[in-house]
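Undergrad: Protein chains in written order, with the numbering used here: chain A, 13 to 133; chain B, -1 to 150.
Here's what the structure looks like:
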């Protein structure tokens, strides 16, 4: 297990504590029989630039690494959920001492149940 | 991720500052499908709106999208009938605004312009509240009017 894998697992654990967001992976998430966490597919740790830098994204400064976390929203409104996620994920990244210069949270989809909760607010 | 995305929150607008104080730059992007789902939900709840009209292309796309959402373990949220575009706000700042187009079928019992204005207000309000994005424009197209509600 390298540093990047440990970082991904730490981020997934932190994300687990954020109500309203879950990793954007397959329905049958979690550990496989051989111990691989499918949720790890939702997180990329890449050097240099965000994946869509060639399409208008912003390159990472100083040649550091970029962490992209893809999530599905299960609760509305998003701003407080995003602030919570920012707080916990940045805490993990800061504690890791990894050369991360940018954290990008991508809300790729929304679960229909989010509207049920939103209506009841 | 495909589709247009938009930054809704960042701790600094200058990427050159990233990591300068040891804290990574944070940005959050929301996909167009999330905004469209919010818009469709809001428009469909407006009194006088019979349904948000997906159109033929939307219907075909919804089959694929629903299957994809089931695979991802999601309760599907309809997005068909709303189109979303992100635009850079005028004035040179970093703010990005969102433009939404919604196609609706309304009841013949209500005044069309009044219903359309209500849809505009509902969509703009819902998108801003739910996502934090600034809505620049909501275009409402009344595709059809249903006179006999029993036959819809």
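Backbone N, C-alpha and C fix where the C-beta goes; we use that ideal spot for every residue, glycine too.
1. Going by C-alpha distance, which of B:105, B:92, B:86 is nearest residue 135 (chain B)?
2. Quick check for students: name the residue ranges of the alpha helix (DSSP H) that lie wholly in the region 25 to 64 of chain B, counting only runs of 4 or more.
3. Check for me: the beta strand (DSSP E) holding residue 35 (chain A) runs from which residue to which?
4. Which whole-angstrom value is the C-beta distance of residue 85 (chain A) and residue 33 (chain A), which I expect to be below 8 Å?
5. Determine the direct distance from the alpha carbon of residue 77 (chain B) to that of residue 53 (chain A), and round the result to whole angstroms.
6. Comparing the C-beta of residue 94 (chain B) with each C-beta of chain A, is any distance below 8 Å?
7. Is there contact here, the region 122 to 142 of chain B with the region 87 to 98 of chain A, by at least three beta-carbon pairs under 8 Å?
8. Which of the residues in the region 84 to 99 of chain A, read from start to end, lie with their CB under 7 Å from any CB of chain B?
9. I think residue 57 (chain A) touches residue 19 (chain A), with their Cβ atoms under 8 Å apart; what is that distance to the nearest whole Å?
10. Sort out for me which residues DSSP pairs residue 118 (chain A) with in a bridge.
11. Where does residue 28 (chain A) sit, in a helix, a strand or coil, going by DSSP?
12. Can you name, in chain order, every residue of its own chain whose Cβ lies under 6 Å from the Cβ of residue 139 (chain B), other than the five neighbours on each side?
13. Quick one: is residue 123 (chain B) near chain A, going by C-beta distance under 8 Å?
14. Just to check my reading of the structure: residue 44 (chain B) and residue 120 (chain B) have Cβ atoms closer than 8 Å, yes? What is that Cβ distance to the nearest angstrom?
15. Grab the span of the alpha helix (DSSP H) containing residue 95 (chain A) for me, first residue to last.
16. Going by Cα to Cα distance, which pick from B:143, B:142, B:122, B:141 is closest to residue 133 (chain B)?
TA: To lay it out plainly:
1. As a working note, residue 135 (chain B) is residue 137 in the second chain. Ranked by Cα distance from residue 135 (chain B), the first of B:105, B:92, B:86 is B:86.
2. You should have 30 to 42.
3. For the purposes of this step, residue 35 (chain A) is taken as residue 23 along the first chain, with counting starting at 1. Looking at the DSSP string, the run of the beta strand (DSSP E) that includes residue 35 (chain A) is 33 to 35.
4. Reading the first chain from its first residue, position 73 is the one you call residue 85 (chain A). Reading the first chain from its first residue, position 21 is the one you call residue 33 (chain A). So it is a contact: roughly 6 Å between Cβ atoms.
5. Residue mapping note: residue 53 (chain A) aligns to position 41 of the first chain, counting from 1. Residue mapping note: residue 77 (chain B) aligns to position 79 of the second chain, counting from 1. About 25 Å.
6. Within the second chain, residue 94 (chain B) is the residue found at index 96, counting from 1. Residue 94 (chain B) does not count as touching chain A.
7. Contact between the region 122 to 142 of chain B and the region 87 to 98 of chain A is present, because at least three Cβ pairs lie under 8 Å.
8. Under the 7 Å Cβ criterion, the region 84 to 99 of chain A contributes 84, 85, 88, 89, 90, 91, 94, 98.
9. Position 45 of the first chain holds residue 57 (chain A). Position 7 of the first chain holds residue 19 (chain A). With a beta-carbon spacing of about 6 Å, residue 57 (chain A) and residue 19 (chain A) fall inside the 8 Å limit used to define contacts.
10. Reading the first chain from its first residue, position 106 is the one you call residue 118 (chain A). In DSSP, residue 118 (chain A) forms a bridge with A:82, B:27.
11. As a working note, residue 28 (chain A) is residue 16 in the first chain. In the three-state reduction of the DSSP assignment, residue 28 (chain A) falls in the helix class, which pools H, G and I.
12. Taking the first residue of the second chain as position 1, residue 139 (chain B) is located at position 141. These residues qualify, in order along the chain: 101.
13. Along the second chain, read from residue 1 onward, the residue named residue 123 (chain B) stands at position 125. Taking 8 Å as the CB threshold, residue 123 (chain B) stays off the interface with chain A.
14. The residue labelled residue 44 (chain B) in the question sits at position 46 within the second chain. The residue labelled residue 120 (chain B) in the question sits at position 122 within the second chain. The C-beta distance from residue 44 (chain B) to residue 120 (chain B) rounds to 5 Å, short enough to fall under 8 Å.
15. In the first chain, residue 95 (chain A) corresponds to position 83, counting from 1. Per DSSP, the continuous alpha helix (DSSP H) segment holding residue 95 (chain A) begins and ends at 90 to 108.
16. By 1-based counting over the second chain, the position of residue 133 (chain B) is 135. When each option's Cα is compared against that of residue 133 (chain B), the closest is B:122.
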